[in-house]
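Each remark here refers to the structure printed beneath this line.
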Amino acid sequence: MLPRDPRAQYRVLGLVLLLGCAAAFQLRFWSPRKAELAALAERVERAERANAIAGPGDGSLDAMREDLLLGERQLAELQRLVPREGEVEAIYEAIATETQSLGLELVHALPADPMADSTGYFVRQRWTLQVEGAYHDVGTLLTRIAGFARLVRPEVHEIVPSRIADSGRQLVHARFGLETFVLPPGDSALPEAR
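The sequence shown begins at 198 in this note's numbering and counts up by one.
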């Protein structure tokens, strides 16, 4: 199979050695490097995706500072509107005063136990109130309560006819709930005072 000429035999032997070296290089160096480069490229791509998700939207430090300042202003405004624990009684007294000023009878007032809000920062305080009086006066009461400077949210559960007053007017019995968020007692002064 080999040629008879010794020079040709050396060429064939050189060619076989060259092919052997190329195969050894391919198996020993080229293929593992290629697999290593592919694995490294995949790791880089995963890291870039993670950085894109975790990083700021536009990467601008000024934009991040503006967002932080806006968040601080919104929190300060929310804390200004949300009463402290000691102010809850004042809200209840204001409701009772409004009830009396409109000629309504406060039949029942039941505060629920305060419970932590889902954020864990505020405490949610609820009351169930029942009043009796003229229909329009009940509506005025609810409007005034909703307009309080503190966060109080009325929710009407039921308004039903009650009785006829001596004046001949139909009175209604209204059952509604009130809800406010309260800063817990451990919270100190507002951010402006900190």
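Glycine included, each C-beta is placed from N, C-alpha and C at the ideal position.
Counting C-beta neighbours from all protein chains within 10 Å, is the total for Gln-271 16 or more, i.e. buried, or is it exposed?
Under this definition Gln-271 is an exposed residue.
Would you kindly report the start and end of the unbroken alpha helix (DSSP H) that includes Ala-249?
Start and end: 228-251.
Sort out for me which residues DSSP pairs Gln-327 with in a bridge.
According to DSSP, which records beta bridges pairwise, Gln-327 is partnered with His-305, Arg-372.
Beta strand (DSSP E) containing Pro-351: first to last residue?
Residues 349-361.
Do Glu-376 and Arg-321 come within 8 Å of each other at the CB atom, strictly closer than that value?
For Arg-321 and Glu-376, yes; Cβs fall inside 8 Å.
From this set, Pro-311, Arg-350, Glu-295, Ala-362, which residue's C-alpha is nearest Val-335's C-alpha?
The shortest Cα separation from Val-335 among Pro-311, Arg-350, Glu-295, Ala-362 belongs to Glu-295.
I need the straight-line Cα distance from Ala-205 to Ser-228, nearest angstrom please.
Going from the Cα of Ala-205 to the Cα of Ser-228 covers about 33 Å.
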